[in-house]
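Protein chains in written order, with our numbering: chain A, 22 to 399; chain B, 22 to 399; chain C, 22 to 399; chain D, 22 to 399.
We put the beta carbon where it would ideally sit given N, CA and C, even for glycine.
Here's the structure, in structure tokens; my notes come after.
4 protein chains.
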Amino acid sequence: MGRRLFKELERSYGFDEVAIVPGQVTINPELTSTKMTIGGLDFDIPILASAMDGAVSPRFATLMHEMGGLGVLNAEGLYTRYEDPYSTLEEIISMPKEEATRFLQKVYSQPIQDHLIGQRVEEIKSAGSICAVSFTPQNTKRMSPVAVEAGADIVVVQSTVTTARHMSTSYRGLIFSELIETLNVPVMVGNCVTYEVAQELMETGIDGILVGVGPGAACTTREVVGVGVPQVTATLECAAAREDYFRRTGRYVTVITDGGFRTGGDVCKAIVSGADAVMLGTPFAQAEEAPGRGFNWGMANAHPELPRGTRINVGTKGTLKQILYGPTTATDGTQNFVGALRVAMGMCGAYTIRDLHKARMVIAPSIKTEGKYFQMAQ
Amino acid sequence: MGRRLFKELERSYGFDEVAIVPGQVTINPELTSTKMTIGGLDFDIPILASAMDGAVSPRFATLMHEMGGLGVLNAEGLYTRYEDPYSTLEEIISMPKEEATRFLQKVYSQPIQDHLIGQRVEEIKSAGSICAVSFTPQNTKRMSPVAVEAGADIVVVQSTVTTARHMSTSYRGLIFSELIETLNVPVMVGNCVTYEVAQELMETGIDGILVGVGPGAACTTREVVGVGVPQVTATLECAAAREDYFRRTGRYVTVITDGGFRTGGDVCKAIVSGADAVMLGTPFAQAEEAPGRGFNWGMANAHPELPRGTRINVGTKGTLKQILYGPTTATDGTQNFVGALRVAMGMCGAYTIRDLHKARMVIAPSIKTEGKYFQMAQ
Amino acid sequence: MGRRLFKELERSYGFDEVAIVPGQVTINPELTSTKMTIGGLDFDIPILASAMDGAVSPRFATLMHEMGGLGVLNAEGLYTRYEDPYSTLEEIISMPKEEATRFLQKVYSQPIQDHLIGQRVEEIKSAGSICAVSFTPQNTKRMSPVAVEAGADIVVVQSTVTTARHMSTSYRGLIFSELIETLNVPVMVGNCVTYEVAQELMETGIDGILVGVGPGAACTTREVVGVGVPQVTATLECAAAREDYFRRTGRYVTVITDGGFRTGGDVCKAIVSGADAVMLGTPFAQAEEAPGRGFNWGMANAHPELPRGTRINVGTKGTLKQILYGPTTATDGTQNFVGALRVAMGMCGAYTIRDLHKARMVIAPSIKTEGKYFQMAQ
Amino acid sequence: MGRRLFKELERSYGFDEVAIVPGQVTINPELTSTKMTIGGLDFDIPILASAMDGAVSPRFATLMHEMGGLGVLNAEGLYTRYEDPYSTLEEIISMPKEEATRFLQKVYSQPIQDHLIGQRVEEIKSAGSICAVSFTPQNTKRMSPVAVEAGADIVVVQSTVTTARHMSTSYRGLIFSELIETLNVPVMVGNCVTYEVAQELMETGIDGILVGVGPGAACTTREVVGVGVPQVTATLECAAAREDYFRRTGRYVTVITDGGFRTGGDVCKAIVSGADAVMLGTPFAQAEEAPGRGFNWGMANAHPELPRGTRINVGTKGTLKQILYGPTTATDGTQNFVGALRVAMGMCGAYTIRDLHKARMVIAPSIKTEGKYFQMAQ
């Protein structure tokens, strides 16, 4: 009030700070549909596995397909740098904690081999699965055609922060509209967190948008460079852009909230925030079938000069099927993500994901459970 | 301000975030009355014990009646599934922690036996007590007449989230107005948390409404499915609906805040938020007379595919009489709930519960007591 | 927005949530005056010691006078119930923790002896000190004349919550205007926390008002009965009442923030909030000269049915002189309260307490110092 | 609403409470320029080392110059009080923790020797470095000419709180406009935190302004005297003053946020808040080349009567070069500050520090990383 400030700051919110309000009508979970579409391709569940080497191998991508979701293979990771990535995985896992970051920096300094890109795509396709591969903007133009030629169904262009207009001296900025025309498969791009960038990206003709910069604790982008937006607010902005774009053009772009999830409740909150789907890393790295066997790390962790995050021991929580569909005896929300989503949809009276978008949400800081407190609810 | 968002989020509050402001006039606690009414039945204190198997057995319901309150028996719990529920209770209590959830899932998969419903009601009635039994919406239509025939005075219809309009394939939605006509006893329904649902439920003719979805730490509904509203805000909304409904129809529906209580202070805050009564589980499970002998669990904890919460060791704090009326040497607010309520009423100048509704309340995050801090107040 | 709620809640603030903003002019601390007045009696420093048996004995009240402040003797505590209170003190101190509350309940069930009230007043007066004694509203009318007759200079009427209009069956409500006329010495009344009550109390003609209900951690009034207002907001309201009353009547009533202080910074914040003085318990119980020898407890802790708070081991931090004036090597703000106040006055360009009232304050949640964080400031 | 308060409180924010929002365009970090200017002197990086004896010795100032930044020498510290400050440093470091504050009080009671001021300046100048020395307002008038005569390039006038108008009995208030005329070198003044004081100071003709009062945990000014403003808000106010002053006069004064930094992210946030440069103490005390060899302390810590803060063991994190430029395997943001700044500039599409001023920032409380949580981001 009268106070002069250099700029105004708006409040933003993360998963831990909100809660979904039950609806005016409820429905039985069995009546709900969790279907989701990306660029004309249909999926039974709105859940993607992140392009992280500890979570998605070609074999894991196939399993995700069988479960109704989509596993994205990192086309610039171990699987395309090493003929035998599994022995390298073994080394990463067995490395002492204090040497992990240095070792990741070394492992990821090996060159990407084009023929391995094709080979990994073929491994996934030969199992009859939808195949999605991810590239960084720097390599997309040259490498993504290799993947599509080998049969890839979806190309993901992903970096910590991606915009429609990037300035660089070392490579000519990637033109998404040209890329889409060249590849002729659905293209997903990320990550972004604002209305404006989401809108510009959708204008280029892409089919999906990944939302999330620095949302989590395993990645330390927010600590190291101070950049990031909590996922609820990021999703609320990008979903607003999708709606406005849809209203104007009639084309519906899939919004996928990527990262920062811990529980099924977080997944539900992302969708109530406007996401059409979610992309998770760690919960899948916790599957028995995950290649990281209880360890996970991101590409930013291997940055040669400014690593962000490190290898973390996430443990193993159960089979992929249990994690997605239960049944479970875990009571902390880390298993049966689809079951949790259906229960939340039932409580909100939502038959479809699109219905769940209409649910009300409130700001409600999460309850800190302290040993001496015992609270009770039905 | 100018920022485009998919939806707006309102702030909500829990017990730990508010404090009651003393009134302009004070009265001696001895002058206060804590009387409360549900559907024409009068109670000396506005305190109910939750329909949880570790808290309310037929014997405990009788004790609650003697103390002036009301203990609700879970008509779909151990007491109606087992001829001898006490040996099953023994098994639950002695089960190692890591096997508790799995064992609860098994125990509660046994069928409910109609004749046991009648038998338990008769046990309570034969002691001369008001008898309240609770059912889930799925079983209410078929089972509640059995209980009423056996003498039940109040029927409670309760699930995590209940609305006046529920859609299902497996059973025809329960019509509350029909139920009320059939049973001809007071009906309480819950749980709900919003103005709209509270209003719709009151329109059906019910006598009491239970407020609370996912308020506590022992139940993990908010973690697992992301749904829940902190109790102060939930009560403020439902109480607003009660006032509007009362103003329009002249019929006063009892609003009962259910769950999330830890101290006498929380009980007082619920009433200042507009509740006519409160329903507690854990504090009663901590009574020496509780059947769970220091352990407690909710029905959601036994969900076969998506359990929420688990069996918790709540310990034993004193006799039911001490917990309700003191005297006590406990200084943390977990005993003498009625005494605490009377003291708060005195500080706010409230002769009745209805007067306490007029007290002022402020947002005041609770003080974290750290070892090195010593603060003092009169 | 459009949401219907039973009532609106305003945000309130405590010491840990605010920070003082330096002024536009600074002055050397040596130039500041910390003088304060209550009902025409002048004091060098605006600091009172609470009427707590572990902090203020007749001897300690004398020491406070010598230091320029005021120690209030509890006229309903050990010193007026026991001929030899010191052996009882000894017993309280040596009691095991788990028996402390029960023992306090017993100790304070002994009757107050009128002749001891007079005797304690005389002990203080014979040392040449200003003597202030405190009573509860129940006993004020009968007992306070005894104290005044013996020479008491100030009468304090104090209970957890005090209003100008109290309703009771067991004693006729105390009429402050009559009391003031009878006693003919300055009267201070508390505790209150709102504009309305402060205003009503000032209208009765009292000279000082004590602000604070449930502000601290040692007292658990806020936990047990849910009632309390954080001290910054409570002081902001009562100081607003003082200003309005002063503008209207020309009579300036001293506002004393009572309780919840931990550091010198808290004292400064209370004054910037509008207090003319502060009343501290625990920091004085930590003096080497304190009768509790490192232990402290309040009267509410001994409530026979609903104790709030308990005996706490506050330790011993230094001499009274060091606590008030330093010098010190303690760097956590718990010593040299007057030095801290002068430094803050200097930074805000305040020559007097009244000047410090004009300083700006911001909401700024306190910094949690974690082991791994090292931050630096000049 | 309608509530009467003595004054209004505005919300303020610190580094941990905000996050930078990525821009609409991104650029490669290699394209960014981190250049900064103070009073016509150019620096490659906008980073200064604080005038703290554990961080900046004459030798360290030279190293900072070689790295493109500026190390400020405390002209009233060990280096100007002792012919051989290194043996005193040794004593401070080896002192047991409980005696450290008392020993600092003793060490800094030795007089400042004028000839040592000249000698230290010459040590820095003889290495070809830009030399900045800092004085308190009390000593500036007499001592700063000695430093300038010996070749000092920049004079810093610094105390906890500095205003253009200071009242004192012991010395005539320092007139900055006169000082500037006398010295004829760039003058930086601090610390301040408000629009009004920043504006008044700029009017005197100074070239740089230091922002920050009580921002950190190592200094306990906020605890001890309650005074302080979190750095984001302090910087937002002072930067607003700089803009308004620049618009009116055409003269651009450098705003340097001083203190409270923990990570590279904090540095980026200060600049997005409007700072032209930052001044860090502890991160430099953690350099292998730092004179404190892993220990640090501020001048306020040695206050004879009211010490604020103490000697802290900050440890050693790497070489100065690694701390500023990496490469690093540390993933917590405490190394490669310049690299982090360039990455943030790239994400915000900022070619220059001035461009980064235009980035958007949101309020986003920092994520508490708890052991059991594993979150993932790209």
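Following the DSSP letters along the chain, one finds residue 126/D inside the alpha helix (DSSP H) bounded by residues 118–128. The beta-bridge partner set that DSSP reports for residue 284/D is empty.
Under the DSSP assignment, residue 155/D falls in the beta strand (DSSP E) whose first and last residues are 153–156.
In the DSSP assignment, residue 345/D falls within the unbroken alpha helix (DSSP H) covering 341–346. The DSSP-derived three-state label of residue 327/C is coil. Taking CB atoms only, residue 290/A has a neighbour in chain B less than 8 Å away. If you check each beta-carbon in the stretch 351–365 of chain C against every beta-carbon of chain D, the ones closer than 7 Å belong to 352, 353, 354, 357, 360, 361, 364, 365.
Residue 255/D sits in a helix when the DSSP states are folded into three classes. Inter-segment contact for the stretch 258–275 of chain C and the stretch 333–346 of chain C is absent: fewer than three beta-carbon pairs are separated by less than 8 Å. For residue 373/D, no alpha helix (DSSP H) segment is defined, and its DSSP state is neither H nor E. For residue 361/D, the enclosing alpha helix (DSSP H) begins and ends at 358–368. Shown here for residue 286/B: same chain residues with a beta carbon closer than 6 Å to its own, the five before and five after excluded, namely 354 in chain order.
Interface annotation for the stretch 240–262 of chain C against chain B: 240, 241, 242, 243, 244, 245, 246, 247, 248, 249, 250, 251, 254, criterion Cβ-Cβ distance under 8 Å. Contact between the stretch 241–257 of chain A and the stretch 203–210 of chain A is absent, with fewer than three C-beta pairs closer than 8 Å. In this structure, residue 317/D sits away from residue 295/D, with a CB-CB distance that is not shorter than 8 Å.
Residue-level contact check: residue 28/A touches chain D, since one or more beta carbons of chain D fall below 8 Å from its beta carbon. DSSP, read as helix, strand or coil, puts residue 242/D in helix.
With a 10 Å radius around the Cβ and a threshold of 16 neighbouring Cβ atoms, residue 107/D comes out exposed. Counting other Cβ atoms within 10 Å of its Cβ, residue 381/B reaches 16 or more and is therefore classed as buried. Looking at the DSSP output, residue 317/A sits in a beta bridge with 333/A. Between the alpha carbons of residue 360/B and residue 65/A lies a gap of roughly 56 Å.
For residue 122/A, a Cβ of chain D is located within less than 8 Å of the residue's own Cβ. Across the stretch 212–227 of chain C, CB contacts with chain B closer than 8 Å involve 212, 213, 214, 215, 217, 218, 221, in sequence order along the chain.
Take the alpha-carbon of residue 127/D and the one of residue 77/D: they are about 21 Å apart. Counting of Cβ neighbours within 10 angstroms places residue 267/D among the exposed residues, the total staying below 16. Closest by C-alpha distance to residue 43/D, out of 160/A, 185/A, 137/A, is 185/A. DSSP places residue 133/A outside both helix and strand once states are collapsed to three, so it counts as coil. For residue 218/D, the enclosing alpha helix (DSSP H) begins and ends at 216–224. Looking at the backbone, the Cα of residue 155/C and that of residue 143/C are separated by about 15 Å. For residue 148/D, there is no enclosing beta strand (DSSP E), as DSSP marks it with neither H nor E. Secondary structure of residue 322/C (DSSP, three-state): helix. With its beta carbon at least 8 Å from every one in chain B, residue 70/A lies outside the interface.
Taking 3 residues as the minimum length, the beta strand (DSSP E) runs contained wholly in the stretch 50–88 of chain C are 57–59, 62–64, 68–70, in order along the chain. Annotation: Cβ neighbours of residue 190/C in chain B (cutoff 9 Å, chain order): 49, 51, 52. Proximity of chain A to residue 67/D at the Cβ level (cut-off 7 Å) is not reached, the minimal Cβ distance being about 14 Å. In the structure shown, residue 274/D falls within a coil segment according to DSSP collapsed to helix, strand and coil.
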